[in-house]
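What follows is a short report on a single structure.
2 protein chains.
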Amino acid sequence: MSKKIAIVGTGLIGRSWSIVFARAGFEVWLWDPVEGAVSTAIKLIKEGLPSLAEENLLNGCSVEQVFGRVHASDSLEDALDGADHLQENAPERVEIKKELYQQIDRLVGPQTVMASSTSGIVASHFTENIQSRERCLVAHPINPPHLVPLVELVPAPWTAARVLEKTSALMRQVNQAPIQLNREIKGFVANRLQGALLAEAFRLVEDGICSARDIDTSIAEGLGLRWSFMGPFETIDLNSPTGIRGYCENFGPLYYELAQEQADPRVWGEALLSKVEQERREDLAADKLLDRQHWRNQRLALLMSAKKEGEERLGK
Amino acid sequence: MSKKIAIVGTGLIGRSWSIVFARAGFEVWLWDPVEGAVSTAIKLIKEGLPSLAEENLLNGCSVEQVFGRVHASDSLEDALDGADHLQENAPERVEIKKELYQQIDRLVGPQTVMASSTSGIVASHFTENIQSRERCLVAHPINPPHLVPLVELVPAPWTAARVLEKTSALMRQVNQAPIQLNREIKGFVANRLQGALLAEAFRLVEDGICSARDIDTSIAEGLGLRWSFMGPFETIDLNSPTGIRGYCENFGPLYYELAQEQADPRVWGEALLSKVEQERREDLAADKLLDRQHWRNQRLALLMSAKKEGEERLGK
Numbered sequence: 045m046s047k048k049i050a051i052v053g054t055g056l057i058g059r060s061w062s063i064v065f066a067r068a069g070f071e072v073w074l075w076d077p078v079e080g081a082v083s084t085a086i087k088l089i090k091e092g093l094p095s096l097a098e099e100n101l102l103n104g105c106s107v108e109q110v111f112g113r114v115h116a117s118d119s120l121e122d123a124l125d126g127a128d129h130l131q132e133n134a135p136e137r138v139e140i141k142k143e144l145y146q147q148i149d150r151l152v153g154p155q156t157v158m159a160s161s162t163s164g165i166v167a168s169h170f171t172e173n174i175q176s177r178e179r180c181l182v183a184h185p186i187n188p189p190h191l192v193p194l195v196e197l198v199p200a201p202w203t204a205a206r207v208l209e210k211t212s213a214l215m216r217q218v219n220q221a222p223i224q225l226n227r228e229i230k231g232f233v234a235n236r237l238q239g240a241l242l243a244e245a246f247r248l249v250e251d252g253i254c255s256a257r258d259i260d261t262s263i264a265e266g267l268g269l270r271w272s273f274m275g276p277f278e279t280i281d282l283n284s285p286t287g288i289r290g291y292c293e294n295f296g297p298l299y300y301e302l303a304q305e306q307a308d309p310r311v312w313g314e315a316l317l318s319k320v321e322q323e324r325r326e327d328l329a330a331d332k333l334l335d336r337q338h339w340r341n342q343r344l345a346l347l348m349s350a351k352k353e354g355e356e357r358l359g360k
Numbered sequence: 045m046s047k048k049i050a051i052v053g054t055g056l057i058g059r060s061w062s063i064v065f066a067r068a069g070f071e072v073w074l075w076d077p078v079e080g081a082v083s084t085a086i087k088l089i090k091e092g093l094p095s096l097a098e099e100n101l102l103n104g105c106s107v108e109q110v111f112g113r114v115h116a117s118d119s120l121e122d123a124l125d126g127a128d129h130l131q132e133n134a135p136e137r138v139e140i141k142k143e144l145y146q147q148i149d150r151l152v153g154p155q156t157v158m159a160s161s162t163s164g165i166v167a168s169h170f171t172e173n174i175q176s177r178e179r180c181l182v183a184h185p186i187n188p189p190h191l192v193p194l195v196e197l198v199p200a201p202w203t204a205a206r207v208l209e210k211t212s213a214l215m216r217q218v219n220q221a222p223i224q225l226n227r228e229i230k231g232f233v234a235n236r237l238q239g240a241l242l243a244e245a246f247r248l249v250e251d252g253i254c255s256a257r258d259i260d261t262s263i264a265e266g267l268g269l270r271w272s273f274m275g276p277f278e279t280i281d282l283n284s285p286t287g288i289r290g291y292c293e294n295f296g297p298l299y300y301e302l303a304q305e306q307a308d309p310r311v312w313g314e315a316l317l318s319k320v321e322q323e324r325r326e327d328l329a330a331d332k333l334l335d336r337q338h339w340r341n342q343r344l345a346l347l348m349s350a351k352k353e354g355e356e357r358l359g360k
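Those protein sequences? They're chains A and B, same order as listed.
Residue 224 in the working numbering sits at position 180 of the first sequence, and the numbers go up by one each step.
Residue 125 in the working numbering sits at position 81 of the second sequence, and the numbers go up by one each step.
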């Protein structure tokens, strides 16, 4: 089996994917059409590795080992040559992706799977007219993938089943957590779930029930704790002596009433957005957003490290 | 200031509240109308403390110190006598609560705040006709409160502002995370957010988009990680260089489209429930539910311990 991964598009997501594959032992070849982007990316990857090593998040490898697997490609052709898997992280514009996949289609070998990191464009919108389309799919990560394992695998109607299976196996091999959608759907799964939560969060603030700050507390000091190691179905399954059936028998009618109250799609208008933004800016000045993103990633790294320990001690 | 807390109703939630208050230094007096319930509760509290001490979750106190603050009351009158705060954890039936609050009303001193742990019954439904109603409110915890800090404070229309403030201060003092609702609403905040997420989760399974297991993965290996230390508004605030405003400008239209697709309240019918239940029982046999609840609490304890460490190292 080939051990080569091509990373096309070397911004934030491409760099993070490079770490995911390199720490798992793959040789990673980076390419980006923007002059100088690859060397910048490689420099930033190098700078980020030591702190991951400290949190034991390099899969038992040294910084040098991981960095030794990260390479600059001179061309798209070089990056693709002999690659087992291509992870594409181009800008989120369908025209750009269409043109890129035309290029890739002309250069790609017969064994390469082509996975797009897109969060919002289904693969059928940019792979319809290429020869190799049955080897294309979406593999949507959560930012940043080297700290958040979830990957949503979304096939186009023409994606071959074996391509899905192969990508799923690869993602598990590199310690990500792939889920498999049966067909294309707007927002995929994670953002649909996030959207449902956000819609109610904005609704509660707009209706004057509580502050945006208190909504954040209700998740970060409440529901979000369990959700960091078990999903919503397991959560309710454990909240009744008779499992999810008993839970739904008890609380299904309440949740149905709530769903009826929540069935009014609302535009997040200027007055509402201003109110929430004001609360956020009181808690975090605009010029501290970047620092706070860095803090988030450090907290995520600590959490993943603690989670691994928890799984080792108590089971998954 | 009085340092006495009355715990009325000593099941799972009452026991957990006892630990919350006792580890914070309060003298806790338990009462339950069921014969033998208090002594059983005190025995179970004693058994649970050593593992909390191991995870450094007794607020720096020893097992003996905490247990020494937990007392059995001979009567409701004794429990209430001189209490600063009553935490009521009676069964979730409005008739039971109505009758109990009538009793309490006759016995309670003028300084005691009466807080109900109810998850589903607003305080106006069981306190309307009592003298002391302006000192009554809901203080809804997430199970179990000694491991999950969130407390939802929900006033009845007649709850005095100073009672809300006093309860909020008390909850902070005992290291819980209170949020304050401005008025009564069905499901309060946390279960409304959970309900919105569950509705979409069941919808995705019913529509054949993915398995229930993959929904759980999408949260437990994805969105739930960040949500364990920051809420949904801060999450999106950090997902754009221009904060929540830029995020909503970019993604608001997508989320509005999703909200329109999600505006079909659905009953969780038998076929759907059977499908989800079958997946759950494949992953966890019915006779393992109790063990798994224990595992969940152990994982929560580890998480809270790691979270505290994360906050100390990196800030909250």
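Where a beta carbon is used, it is the ideal one built from N, C-alpha and C, also for glycine.
What you are looking at is a predicted structure, and each value in this text was computed from that prediction instead of being measured.
In or out: residue i buried (at least 16 other Cβ within 10 Å) or exposed?
i, result
"residue 235/B", "buried"
"residue 341/B", "buried"
"residue 228/A", "buried"
"residue 83/A", "exposed"
"residue 334/A", "exposed"
"residue 95/A", "exposed"
"residue 138/B", "exposed"
"residue 185/A", "buried"
"residue 67/B", "buried"
"residue 129/B", "buried"
"residue 90/B", "exposed"
"residue 331/A", "exposed"
"residue 78/B", "exposed"
Contact defined as beta carbons within less than 8 Å: I believe residue i pairs with residue j. What is the distance between those atoms, to the nearest angstrom?
i, j, result
"residue 183/B", "residue 192/B", "Not really, about 13 Å apart at Cβ, beyond 8 Å."
"residue 160/A", "residue 132/A", "5 Å"
"residue 320/A", "residue 288/B", "6 Å"
"residue 189/B", "residue 60/B", "5 Å"
"residue 344/B", "residue 270/A", "7 Å"
"residue 65/A", "residue 218/A", "6 Å"
"residue 223/B", "residue 262/A", "6 Å"
"residue 240/A", "residue 243/B", "7 Å"
"residue 275/A", "residue 127/B", "About 40 Å; that fails the 8 Å criterion."
Using the beta-carbon of each residue, which ones in chain B are nearer than 8 Å to residue i?
i, result
"residue 262/A", "194, 196, 223, 233, 234, 237 and 275"
"residue 272/A", "264, 268, 269, 271, 272 and 347"
"residue 175/A", "The premise fails here: residue 175/A is roughly 29 Å from chain B at the closest Cβ pair, so nothing lies under 8 Å."
Excluding the 5 residues preceding and the 5 following residue i in the sequence, name in chain order all residues of the same chain whose CB lies nearer than 7 Å to its CB.
i, result
"residue 178/A", "202, 203, 204 and 207"
"residue 316/B", "246, 249 and 250"
Along the chain, where does the beta strand (DSSP E) that runs through residue i open and close?
i, result
"residue 169/A", "First-last for residue 169/A: 168-171, but that is the alpha helix (DSSP H), not the beta strand (DSSP E)."
"residue 185/B", "180-185"
"residue 132/B", "129-132"
"residue 196/A", "194-199"
"residue 165/B", "Segment: none, residue 165/B is in no beta strand (DSSP E) and carries neither H nor E."
"residue 223/B", "221-224"
Please go through the same chain and pick out, in chain order, the residues whose beta-carbon is closer than 6 Å to the beta-carbon of residue i, but skip the five residues on each side of it.
i, result
"residue 123/A", "50, 73, 75 and 117"
"residue 336/A", "328"
"residue 25/B", "Past the edges of chain B, shown from 45 to 360, lies residue 25/B, and the structure says nothing about it."
"residue 134/B", "53, 140, 141 and 144"
In chain A, what lies closer than 7 Å to residue i by C-beta?
i, result
"residue 254/B", "223, 224, 225, 226 and 233"
"residue 68/B", "Per Cβ cutoff of 7 Å: no residues; residue 68/B is ~16 Å from chain A at best."
"residue 167/B", "Those within 7 Å of residue 167/B in chain A number zero; the least Cβ separation is about 16 Å."
Quick one: residues in its chain with C-beta nearer than 8 Å to the C-beta of residue i, no 5 flanking neighbours on either side, listed in chain order?
i, result
"residue 168/B", "200, 201, 202 and 228"
"residue 210/B", "157"
"residue 119/A", "75"
"residue 153/A", "124, 125, 126 and 127"
Mind checking which residues open and close the alpha helix (DSSP H) that includes residue i?
i, result
"residue 86/A", "81-98"
"residue 352/B", "333-358"
"residue 63/B", "56-67"
"residue 272/B", "Careful: residue 272/B lies outside any alpha helix (DSSP H) and carries neither H nor E."
"residue 305/B", "287-305"
"residue 245/B", "234-250"
"residue 47/A", "Note, residue 47/A: premise wrong, no alpha helix (DSSP H); not H, not E."
"residue 72/A", "Per DSSP, residue 72/A belongs to no alpha helix (DSSP H); it is in the beta strand (DSSP E), 71-75."
"residue 109/B", "107-111"
Residues of chain A with CB closer than 9 Å to the CB of residue i, please, in chain order.
i, result
"residue 296/B", "311, 312 and 317"
"residue 308/B", "303 and 307"
List the residues of chain B whose Cβ lies closer than 7 Å to the Cβ of residue i, in chain order.
i, result
"residue 320/A", "277 and 288"
"residue 150/A", "Within chain B, no residue comes near residue 150/A; the closest Cβ sits about 32 Å away, beyond 7 Å."
"residue 342/A", "358"
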